[in-house]
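S.K.: So that we are looking at the same thing, I have put the structure below in structure tokens.
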DNA sequence: TATTGTTATACTCTATAACTATA
DNA sequence: TATAGTTATAGAGTATAACAATA
């Protein structure tokens, strides 16, 4: 289907432009992409096993071990023992971690707000109208791609 | 303006979800974000000075020196002398660099295409309708934020 | 003296391989 | 013996500070 393929190409090019723009506009505020994504997941879903987090975030188990150690050192997450299985480490976000994520979202929103405010009403409407579709798009990805390997 | 602020908040949250989804779906294929962005810029605009690239990409001069060295080692870009000014290094993309970028875009398009194809027609239409607005949004960012410092 | 770029050094983040502890 | 996690080691990618070369 040529129409669909052309749309996809435009989507890829536009997403890459948006990526680049956000990378320059939004400060990393001390959290790596994986760190922020992991904390966000812990915020939404509660405690998770370390290996499970590694699979969900698409990094190796040693990488997640180190990320969790860094988050723990920064007071943003903490390890817990699993009473059922002595091998397992459960990871959960701390109150401070929630605060940091909250402030991060506010700072990013403020930055982007200045840009979006300069768009005309039609453009803002078009973006707003696409958000539900984009949200559904993100939900299409199998959440645990590594679990099947 | 509450409407506008609410929109921005939703945009930030959705963009972050899209970011995370793309990070898991699209393989990095050996190019870092900065490397891909730099090559893309060199593709579009031709040879640029090293310091200029550092400013455009939002990294320091030493970081760009090292990135260009890695790109050169991989055969994707090359340094050239500036005949007008002996201090200046001009960087340009190679034919192999263009090939790599082309294949990268094709691979990403193919991956995303599978996802987008599963959306319903209304969602695809909404996303397509938002692309021009998103493109304009990316153009709002001053291209060389570090030049003014 | 100012500008352009490189080198030196250090830290984060990632990977693979080898290891420890529990099941 | 298999699974969960950590430690060891190496490389990419970034920063700041010090340096060399050219203007």
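Residue numbers (my numbering), protein chains in the order written: chain A, 3 to 151; chain B, 3 to 151. Even glycine gets a Cβ: it sits at the ideal position worked out from N, Cα and C.
With a 10 Å radius around its C-beta and 16 neighbouring C-beta atoms as the bar for buried, classify residue 46 of chain A as buried or exposed.
M.R.: Along the first chain, read from residue 1 onward, the residue named residue 46 of chain A stands at position 44. Exposed: under 16 other Cβ atoms inside 10 Å.
S.K.: Helix, strand or coil: which one does DSSP assign to residue 121 of chain A?
M.R.: To locate residue 121 of chain A, count along the first chain from 1; it is residue 119. Residue 121 of chain A: coil per DSSP, three-state reduction.
S.K.: Identify the contact partners of residue 40 of chain B in chain A, using a Cβ-Cβ distance below 9 Å as the criterion.
M.R.: Locating residue 40 of chain B in the second chain gives position 38, where the first residue counts as 1. Chain A residues near residue 40 of chain B: none, gap ~10 Å exceeds 9 Å.
S.K.: Could you have a look at residue 114 of chain A and say whether DSSP puts it in helix, strand or coil?
M.R.: Start at 1 with the first residue of the first chain, and residue 114 of chain A comes out as number 112. Helix, per DSSP.
S.K.: What residues in its chain sit with their C-beta under 8 Å from that of residue 27 of chain B, if we drop five residues either side in the sequence?
M.R.: As a position in the second chain, residue 27 of chain B is number 25, starting the count at 1. Closer than 8 Å at the Cβ level, and outside the excluded window around residue 27 of chain B, lie 113, 114 and 117.
S.K.: Under 9 Å Cβ-Cβ, which residues of chain A neighbour residue 60 of chain B?
M.R.: Reading the second chain from its first residue, position 58 is the one you call residue 60 of chain B. 25 and 26, listed in chain order.
S.K.: Nearest-angstrom Cα distance between residue 56 of chain A and residue 90 of chain B?
M.R.: Position 54 of the first chain holds residue 56 of chain A. Position 88 of the second chain holds residue 90 of chain B. For residue 56 of chain A and residue 90 of chain B, the distance between alpha carbons rounds to 44 Å.
S.K.: Is the separation between the beta-carbon of residue 50 of chain A and that of residue 93 of chain A shorter than 7 Å?
M.R.: Working through the first chain from its first residue, we reach residue 50 of chain A at position 48. Working through the first chain from its first residue, we reach residue 93 of chain A at position 91. Cβ atoms of residue 50 of chain A and residue 93 of chain A: closer than 7 Å.
S.K.: What would DSSP say about residue 43 of chain A, mapped onto helix, strand or coil?
M.R.: Residue mapping note: residue 43 of chain A aligns to position 41 of the first chain, counting from 1. Looking at residue 43 of chain A - three-state DSSP - the assignment turns out to be helix.
S.K.: Quick check on this structure: which residue in A/22, A/141, A/16 and A/33 has the alpha carbon closest to the alpha carbon of residue 106 of chain A?
M.R.: Your numbering for residue 106 of chain A matches position 104 in the first chain. Residue 106 of chain A has its Cα closest to that of A/33, out of A/22, A/141, A/16 and A/33.
S.K.: If contact means a Cβ-Cβ distance below 8 Å, which residues of the stretch 115 to 127 of chain A contact chain B?
M.R.: Here the close residues are 115, 117, 118, 119, 120, 121, 124, 125 and 126.
S.K.: Return the bridge partner residues of residue 79 of chain B from the DSSP annotation.
M.R.: Working through the second chain from its first residue, we reach residue 79 of chain B at position 77. DSSP output for residue 79 of chain B lists B/95 as bridge partner(s).
S.K.: Below 6 Å CB to CB, which residues in the same chain sit around residue 147 of chain B once its five sequence neighbours on both sides are set aside?
M.R.: Position 145 of the second chain, counting from 1, holds the residue named residue 147 of chain B. A caution first: residue 147 of chain B carries a pLDDT of 37, below 50, which makes its placement in the model unreliable, though a value can still be read off. Nothing listed; no residue qualifies.
S.K.: Can you find a CB in chain B that lies within less than 7 Å of the CB of residue 93 of chain A?
M.R.: As a position in the first chain, residue 93 of chain A is number 91, starting the count at 1. Chain B contact via Cβ: absent.
S.K.: Between which two residues does the alpha helix (DSSP H) carrying residue 55 of chain A extend?
M.R.: Indexing the first chain from 1 puts residue 55 of chain A at position 53. Run containing residue 55 of chain A: 52 to 59, per the alpha helix (DSSP H) assignment.
S.K.: Please identify the residue among B/109, B/44 and B/8 whose C-alpha is closest to the C-alpha of residue 99 of chain B.
M.R.: Translated into the one-based positions of the second chain, residue 99 of chain B becomes position 97. For residue 99 of chain B, the nearest C-alpha among the options comes from B/44.
S.K.: Please state if the CB of residue 130 of chain B and the CB of residue 9 of chain A are separated by a distance shorter than 7 Å.
M.R.: As a working note, residue 9 of chain A is residue 7 in the first chain. As a working note, residue 130 of chain B is residue 128 in the second chain. Result yes, Cβ atoms of residue 9 of chain A and residue 130 of chain B sit closer than 7 Å.
S.K.: By the 9 Å beta-carbon criterion, what residues does the stretch 70 to 101 of chain A contribute toward chain B?
M.R.: The residues in question: there are none.
S.K.: With a cut-off of 8 Å on the beta carbons, I'd call residue 20 of chain B and residue 110 of chain A a contact; round off their distance for me.
M.R.: In the second chain, the residue the question calls residue 20 of chain B occupies position 18. In the first chain, the residue the question calls residue 110 of chain A occupies position 108. Not confirmed; about 14 Å, so no contact.
S.K.: Is residue 16 of chain A close to chain B, meaning its C-beta is less than 7 Å from at least one C-beta of that chain?
M.R.: The residue labelled residue 16 of chain A in the question sits at position 14 within the first chain. True, the Cβ-Cβ gap to chain B drops below 7 Å.
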